[in-house]
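Residue numbers (my numbering): 1309 to 1675.
Yeah, the Cβ is synthetic: ideal placement off N, Cα and C, and Gly gets one too.
Written below as structure tokens is the structure these notes are about.
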Ligand code: KG4
Ligand code: ZN
């Protein structure tokens, strides 16, 4: 069985993992940068790249150590080539190229969205190699901070795009909604937490069904939330009020919205989450039936959302699989799982490999 060291540096997590046979996680280390970016209310690309540079080697060492492996035990190196932040991707790509070249190892370049899908091939607690992997044809809903795509997968590496967002991604909608509600970053987990005990039917926020289309739109929803919260918004402090940069940072911190304490945060968060989940679930079910799928997969950071997982499982009459929450958000184990199938198909990267910030999952015409 092949043993792959996989790296992920496309956004704000520096991650390394050792994966055996494409499904078994020998180690999975994620050095999160969330604390670094939190005070800006979102990821600052330049800070992310700098942190990847200092964090990558210790993260790789920790992953090898936890797997009880050395570079000598590896059959291949895998790295995310895109999509993502150019400077951040470059750190992982260059490290992987250098080490693969020096050690004479095959190098596998992985699409970040494909990696999110392949998180569903990784063994979950209680499973072993005898557990059947996902079956084709399947429909996968990829919902992350930068992407919202419905994809038909007919075999390993074979994708057809069924629909995608026309404006904000689902994760972006969570993040922007959280900012409006003064809940901080990252927004998805914050909105999920704030929703607990809230009344999801208190605010009837808009759903963009876009007719029969499998495309999505979330920008109108965000505007509706802004309107619903307007009367609770307090005036900003004077623009010349001092904002002190964090130690070691050249950027002034983000200034969060000032909101009246009487704002019904739980009801607003629950209603907002419900509006996003509603559209994601109904469109996924429709697409899965229309495509004759045998099962549905959830992938990407928003797939960690409890309401989404629960509702899709309850509403759909097909098997649904989603990774455990820690494998929904960015990690390198999923990169190793995707790389395993690429390697088996004989696909390897050359030494000209470069970061591809806008790499699509599916190129060519829509179906
Ligand atoms: O896949 P991911 O880790 O990074 C990207 O590739 O973008 O996704 C990050 C996104 C963020 O927008 C974050 O708010 C969202 O996933 N997210 C969630 C939850 N956990 C993370 N959204 C809703 N509910 C969650 N529990
Ligand atoms: Zn991601």
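Residue range of the alpha helix (DSSP H) that residue 1592 falls in? 1573 to 1599
Just to confirm the assignment, what range does the alpha helix (DSSP H) spanning residue 1331 have? Per DSSP, residue 1331 belongs to no alpha helix (DSSP H) and is neither H nor E.
Return the residue from the list 1408, 1483, 1545, 1606 that minimises the CA-CA distance to residue 1580. 1483
Backbone secondary structure at residue 1339 - three-state DSSP: strand
Reduced DSSP secondary structure (H/G/I, E/B, other) of residue 1526: coil
Leaving aside the five residues before and after residue 1566 along the sequence, list all residues of the same chain whose C-beta is less than 6 angstroms from its C-beta, in chain order. 1542
Report the residue from 1320, 1623, 1569 whose alpha carbon sits nearest the alpha carbon of residue 1342. 1320
Identity of the residue in 1369, 1384, 1370 nearest residue 1652 by Cα: 1384
Check whether the Cβ of residue 1568 sits closer than 7 angstroms to any heavy atom of ligand 2, and report yes or no. no
By DSSP, does residue 1472 sit in helix, in strand, or in coil? strand
Should the region 1399 to 1419 be called in touch with the region 1435 to 1443, which here means at least 3 C-beta pairs below 8 angstroms? no
Considering residue 1416, what are the terminal residues of the beta strand (DSSP E) in which it resides? 1415 to 1419
Suppose you measure from the CA of residue 1422 to the CA of residue 1568; what does that come to, to the nearest Å? 43 angstroms
Given 7 angstroms as the limit, tell me if residue 1612 has its C-beta closer than that to any heavy atom belonging to ligand 1. yes
Within 10 angstroms of the Cβ of residue 1539, are there 16 or more other Cβ atoms? Answer buried if so, exposed if not. exposed
Give me the DSSP bridge partner(s) of residue 1602. Bridge partners of residue 1602: none, in fact.
Would you tell me roughly how many angstroms separate the C-alpha atoms of residue 1532 and residue 1478, rounded to the nearest one? 15 angstroms
Would you say the beta carbon of residue 1676 comes nearer than 7 angstroms to a heavy atom of ligand 1? For the chain, the structure presents residues 1309 to 1675; residue 1676 sits outside this window and is missing.
How is residue 1360 classed by DSSP in three states: helix, strand or coil? helix
Here's a check: name, in chain order, each residue in its chain whose Cβ is nearer than 6 angstroms to the Cβ of residue 1464, leaving out the five neighbours to either side. 1649
Quick check on residue 1617: does DSSP put it in helix, strand or coil? helix
Can we count residue 1424 as close to ligand 2, meaning its CB is less than 7 angstroms from some heavy atom? yes
Inspect the beta-carbon positions of residue 1609 and residue 1496 and report whether they are closer than 8 angstroms. yes
Residue 1636, DSSP secondary structure in three states: helix
Taking C-alpha atoms, which residue in 1361, 1512, 1334, 1574 lies nearest to residue 1372? 1334
With 16 as the cutoff for other CB atoms within 10 Å, does residue 1380 come out buried or exposed? exposed
Can you give, in chain order, each stretch of the alpha helix (DSSP H) that sits fully within the region 1478 to 1503 and has at least 4 residues? 1478 to 1488, 1495 to 1503
Residue 1340 versus 1326, 1352, 1332, 1363, residue with shortest Cα-Cα distance: 1363
Looking only at C-alpha atoms, which of 1526, 1325, 1624 sits nearest to residue 1593? 1624
Whole-angstrom C-beta distance between residue 1346 and residue 1492, which should lie under 8 angstroms: 7 angstroms
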